[in-house]
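Student:
Residue numbers (my numbering): 28 to 261.
#1: Do you know how far the Cα of residue 52 is from the Cα of residue 138?
#2: Which residue from 80, 96, 83, 90 puts its Cα closest to that of residue 71?
#3: Out of 104, 92, 134, which one is the CA nearest neighbour of residue 224?
#4: How long is the line joining the alpha carbons of residue 119 and residue 94, rounded to whole angstroms?
#5: Quick one: Cα of residue 77 to Cα of residue 191, how far?
#6: Could you check what DSSP says for residue 33 in three-state terms: helix, strand or coil?
#7: If we ignore side chains and look at the alpha-carbon of each, how far apart do residue 194 and residue 82 end up?
#8: Return the chain-ordered list of same chain residues with a C-beta closer than 8 Å to the C-beta of residue 108, the five sequence neighbours on each side being excluded.
#9: For residue 84 versus residue 98, is the C-beta spacing smaller than 8 Å?
#10: Rounded to the nearest angstrom, what separates residue 36 and residue 73 at their Cα positions?
#11: Measure the Cβ-Cβ separation of residue 273 and residue 240 and say whether it is below 8 Å.
#12: Beta-carbon within less than 8 Å of residue 294's beta-carbon, same chain only, minus the 5 sequence neighbours each way: which residues are those?
#13: Leaving out five residues before and five after residue 215 in sequence, what residues of the same chain have Cβ atoms less than 6 Å from its Cβ?
#14: If we count Cβ pairs, one from each stretch, closer than 8 Å, do we get three or more for the segment 139-152 versus the segment 176-183?
#15: By Cβ distance below 6 Å, which residues in the same chain neighbour residue 219 in space, the five residues on each side in sequence not counted?
#16: Quick one: residues in its chain with C-beta nearer than 8 Å to the C-beta of residue 50, no 5 flanking neighbours on either side, listed in chain order?
#17: If residue 200 sits next to residue 167, beta carbons under 8 Å apart, how far is it from one beta carbon to the other, in whole angstroms?
#18: Along the chain, which unbroken stretches of the alpha helix (DSSP H) at least 4 residues long are found entirely within the segment 199-239?
#19: Mapping the DSSP letters down to three states, classify residue 46 as helix, strand or coil.
#20: By the DSSP assignment, the alpha helix (DSSP H) with residue 192 in it spans what residues?
#21: Taking residue 180 as the reference, which of 133, 48, 34, 96 has the closest Cα?
#22: Please work out which residues of its chain come closer than 6 Å, Cβ to Cβ, to residue 237, disregarding the five sequence neighbours upstream and downstream, and give them in chain order.
#23: Report yes if the C-beta distance between residue 248 and residue 80 is below 8 Å; otherwise report no.
#24: Tell me which residues share the same chain as residue 165 and place their Cβ nearer than 7 Å to its Cβ, disregarding the 5 neighbours each side in the sequence.
What follows is the structure, encoded as structure tokens:
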């Protein structure tokens with residue numbers, strides 16, 4: 028099973044003065060959220076099946092016998108986003124680092140009385156942060172099975188985006204890809220990102236089965252409406 032990619036509706040968000048536009052633009056991340064390419068399920072399976080890691084920062088795979096080697100900088104260049112900022116990752120627990128306060132993170136996102144010992148749920152986020160969580164959980168750290176829970180890594184990423192602190196998005200993507208590869212029966216994510224990678228490495232796509240993104244794959248008016256957002260009458 029594969030996860031279709033998503034596209035963020037910047038036009039709608041700008042028209043409604045949603046802060047997510049400024050958050051993303053201040054970190055020069057807009058190109059990642061605008062990738063609108065078809066995804067290739069069979070090639071995605073091959074991409075993940077042939078994974079290898081020569082170092083913690085280098086990902087290797089092969090497609091049709093052609094090797095693909097990437098480090099964080101390569102991926103940043105392919106996606107046209109920066110490869111700088113915080114380089115920290117943790118699969119299951121809070122990041123432990125002197126420069127990061129989990130209390131500050133949780134209280135910024137969930138309110139001044141929230142505690143980092145609590146399980147975090149998107150329904151307890153204010154609307155703008157709840158929408159940002161959906162965007163992070165579809166573009167940066169995509170997941171299946173619902174968006175109710177906010178993971179430590181999602182909260183960490185959101186905290187950086189909201190406060191304008193630079194965070195190394197290529198590192199997050201490659202580490203999340205490793206996690207998908209290592210788990211049995213994972214839904215394969217990053218469909219349109221993988222297409223962009225394959226195009227960069229000149230992998231032949233013409234004869235392959237593919238699916239274009241649909242209107243439902245846009246994060247904007249419909250997504251926000253389901254979260255309770257009511258558009259102001261002009």
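We put the beta carbon where it would ideally sit given N, CA and C, even for glycine.
Tutor: Short version:
#1: 25 Å
#2: 90
#3: 104
#4: 31 Å
#5: 36 Å
#6: coil
#7: 21 Å
#8: 55, 56, 58, 59, 196, 197
#9: yes
#10: 30 Å
#11: No answer is possible for residue 273: it lies beyond the span of the chain, which begins at 28 and ends at 261.
#12: Residue 294 lies beyond the stretch modelled for the chain, which goes from 28 to 261, so this question has no answer here.
#13: 29, 71, 75
#14: yes
#15: 32, 62, 64, 66
#16: 159, 188, 189, 191
#17: 7 Å
#18: 218-227
#19: coil
#20: That residue, residue 192, is in no alpha helix (DSSP H); it is neither H nor E in DSSP.
#21: 133
#22: 65, 67
#23: no
#24: 33, 246
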